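Okay, so here's the structure we're looking at.
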Amino acid sequence: MSQKELQVIQAIEDDLFTFAEYDPQAAERVGYSDYSYWGSTLKIFFKNKTVIFFLVLMASLILFATIQPYLPGQKSPTKIHTDPVTGRPLQNQKPSSEFWFGTNVIGQDLWARIWSGTRTSLLIAIIVGIWEVFFGIFIGAIWGYVRQLDAFMTEAYNVINNIPTTILLMLLAYILRPSFKTMVIAMCATGWLGMARFVRNQIVIIRDREYNLASRCLGTPTTRIITKNLLPYLVSVIVMRIALSIPGTIGWEVFLTYIGLGLPIDTPSLGNLLNEGRQVMMAPNLRYQLIFPAVVLSVITISFYVLGNAFADASDPRNHY
Amino acid sequence: MLKYSIRRLLQSLVTVFIVITLVFLLMRLLPEEGYFGDGYDKLTPEQRENILRKFGLLDPWYIQLRNFYSSLLRGDLGKSIIYRPDVPVIAIIKDKAPFSIAFGLASIFVSLLFGLTMGITMARNKGRFWDKLWTAYVVFINAVPAAVYLLFIQLYLTGIKIGKKPVFPMLFSRGNPRSWILPLLSMSLGGIAGYALWMRRYMVDQLNQDYVKLARAKGLSNNQIMVRHVMRNAFVPMAQYLPSSVLLTISGSIYIESLYSIPGMGGLLVDVIQRQDNVMVQALVLIYSTLGIWGLFLGDILMAVFDPRIRLEKREGAR
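Chain order of the listed sequences is A and B.
Take the first sequence: its letters are residues 197 to 517, numbered as in the numbering used here.
Take the second sequence: its letters are residues 2 to 320, numbered as in the numbering used here.
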């Protein structure tokens, strides 16, 4: 031992080696943490002022769309209004105090149609969205993680994915009358595919990481690995994908209406309204028929997107404190 | 890897067989009236029967199916029955596909180039000006339905004039490169937003990882960390979709091709299904499903190339 090291050792004071008094409070402080993952995620999420703004906006939009038909002085979304003097339909009326958003090409009140359409489209989007989230994540997680099932799942995905939705929709329309129900059935039948593939890809990327290998060696059951190791790791990307799935469903409905397989005209939806609006948009003074539904749709989409992004940011535990 | 690839390719043959058989049968379930379009009421029952016999639709379904497979095995996709009567399906596709493929590939290139750059810029400046600006763009593109903003692009951008001549023509024409710009732009806006959105998300998630701290502690420069570590990890999930999107460019874009009258494949499948041109439907589904299935498979391979930790084949002890 060198002279210097000896000096260092001698410099350590003896009283450092006496027993400390037992303090239960101090023991609590190190041993116990009140950290809860979802708790802190939500705390960070709600701290964001933009989030509060869009939450309030979203909530009031849904609330208003729900109670709108029960408010006084509302018109029916499907009634064709006629001029009391001439008996002619009031077509393409500009927005006025009588018709707040004007009337459409056959004289229906656009204000009532937009709220009725918002209800229909949001309801479809929420049903299909919830189905997509639960079923898609469930299938995706198993497809990604359980290798024995990989061949079968890939087969099933490829078969369902490659049968054109158009054929399914036409068959459904032939067997049942095209309606809200057939639309939801057709969209649920194929809507989960995207989510399943997405989750599966994410899981394939992390399934052989060392921490999962360690869990496997310790004999952790598959369900537990999926729910405790894999899915929590993917919360941020999955939340982002969910946030996009509701606007995506509405956009899909718009597309189906565009190719002529949407809801029947007597059921207003944002898809129907946008399509009606598209047909008259070359006339600049009728363009309001496209703009009003597009604005409502944009508000819904922007809210979901911003909320999803903020939640995804908040859900990363490395940003928690 | 080779064994795995061979297994997947063989499996894809089985899948295509199942898909095409199902589609064949589903098309036979559709109502007979559909084969006559608007002229149904004008025809006498005998005329209708003659037409159906000509299409071979009066045979029992298993005979039809057998005939279909035997001509398919001879490499014959058949002739269109309603869409363009008696024109071989291959000839129709040969006419149309090049437009869709050319536009599709160009659009993927543009989307990747701008989308990834945008996503990286956003992730590196998270919460600051560039992030907010491009987020606004991404939100806008996602929020406004494509069916709407594409119309406005065509409406307003074709109005731009230099002197008295409009810069961008309203419709596509093969010989005029200026008429290619607007369709390409319209097609890429969504792709750029998509790649930017996901690149940002994945990069932000990666930037918090411990290996980034280690790389910084090791003294790597910011650019080295970004390019060699973060970007490579962030791109893996996107790599899965790249082959599918490249292969499926052949299916075209329904909105844009109809807006600019591009004679491509966009909407062709939907159109022939609605007109019940069975032969065309079968041929197109055969092509699209083969490409789609290979796309998924190549995506898996590409993912494993970018991230060698990913093992596709089964190993000892894996579930």
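A virtual CB, placed ideally from N, CA and C, is assigned to each residue, including glycine.
Values in this document were obtained by computation on a predicted structure and should not be read as measured data.
For Pro89(B), the three-state secondary structure derived from DSSP is strand.
Using a Cβ-Cβ distance cut-off of 8 Å, the segment 139 to 153 of chain B and the segment 256 to 269 of chain B are in contact, since at least three pairs of beta carbons, one from each stretch, lie closer than that value. If the five residues before and after Arg483(A) are omitted, its C-beta is found closer than 6 Å to the C-beta atoms of Met477, all from its own chain and listed in chain order.
Assignment of alpha helix (DSSP H) within the segment 51 to 106 of chain B, counting only whole runs of 4 or more residues, yields 62 to 74 in chain order. In the structure shown, the three-state DSSP call for Asp219(A) is coil. Listed in chain order, the non-local C-beta contacts of Arg373(A) below 6 Å within the same chain number zero, local neighbours out to five positions each way being set aside. Residues of the segment 365 to 397 of chain A with a Cβ closer than 8 Å to any Cβ of chain B, in chain order: Met366, Leu367, Tyr370, Arg393 and Asn397. Assignment of beta-bridge partners to Ile276(A) by DSSP yields Gln304(A). Taking 8 Å as the cut-off, the Cβ atoms of Pro273(A) and Pro428(A) do not count as close. Val17(B) is positioned such that its CB atom lies no closer than 8 Å to that of Leu297(B).
Close partners of Arg75(B) in chain A (Cβ separation under 9 Å) are lacking, with about 23 Å as the shortest Cβ gap. Listed in chain order, the beta strand (DSSP E) elements of length 3 or more contained wholly in the segment 255 to 319 of chain B amount to none. Distance from the CA atom of Tyr261(B) to the CA atom of Leu172(B), rounded to whole angstroms, is 5 Å.
The beta carbon of Ile226(B) sits closer than 8 Å to the beta carbons of Val213, Ala216 and Arg217 from its chain, once the five residues preceding and following it are set aside; these are given in chain order. Per DSSP, Glu449(A) is one residue of the alpha helix (DSSP H) stretching across Val431 to Tyr454. Between Ala284(B) and the set Leu74(B), Leu31(B) and Arg8(B), the nearest pair of CA atoms involves Leu74(B). Chain B has a Cβ within less than 8 Å of the Cβ of Val433(A).
Secondary structure at Thr299(A): strand, using DSSP grouped into helix, strand and coil. One finds Val145, Pro146 and Val149 in chain B with Cβ atoms closer than 8 Å to the Cβ of Ala490(A), taken in chain order. When DSSP states are grouped into helix, strand and coil, Lys271(A) belongs to the coil group. Using beta-carbon distances, Val301(A) does not count as an interface residue toward chain B, since no partner is under 8 Å. One thing to note: Asn358(A) has its Cβ within 8 Å of the Cβ of Val20(B). Val395(A) is not a Cβ neighbour of Ile442(A), given a cutoff of 8 Å. Pairing Phe104(B) with Met188(B) gives a Cβ-Cβ distance under 8 Å.
Interface residue (Cβ-Cβ distance to chain B less than 8 Å): Asn358(A) is classified as such.
With fewer than 16 neighbouring CB atoms inside 10 Å of its own CB, Phe213(A) falls in the exposed class.
In the three-state reduction of the DSSP assignment, Lys166(B) falls in the strand class. Bounds of any alpha helix (DSSP H) do not take in Phe37(B), whose DSSP letter is neither H nor E.
For the C-beta of Asp206(B), the chain A residues within less than 8 Å are, from N- to C-terminus, Ser432, Val433 and Asp512. The shortest C-alpha to C-alpha distance from Gly387(A) to any of Ala321(A), Ala216(A), Lys200(A) and Ala207(A) is the one to Ala321(A). Leaving aside the five residues that flank Asp512(A) on each side, the residues in its chain whose CB is nearer than 7 Å to its CB run, in chain order, Ser432.
Gln398(A) and Pro309(B) do not touch by the CB rule: their CB atoms are close to 18 Å apart, not below 8 Å.
Taking CB atoms only, Val400(A) has a neighbour in chain B less than 8 Å away. Here Ser245(B) is actually not in contact with Met266(B); their C-beta atoms are around 16 Å apart, not less than 8 Å. By the Cβ test, the segment 275 to 291 of chain A is not in contact with the segment 329 to 344 of chain A, since fewer than three Cβ pairs between them sit closer than 8 Å. A distance below 8 Å separates the beta carbons of Met119(B) and Ile193(B).
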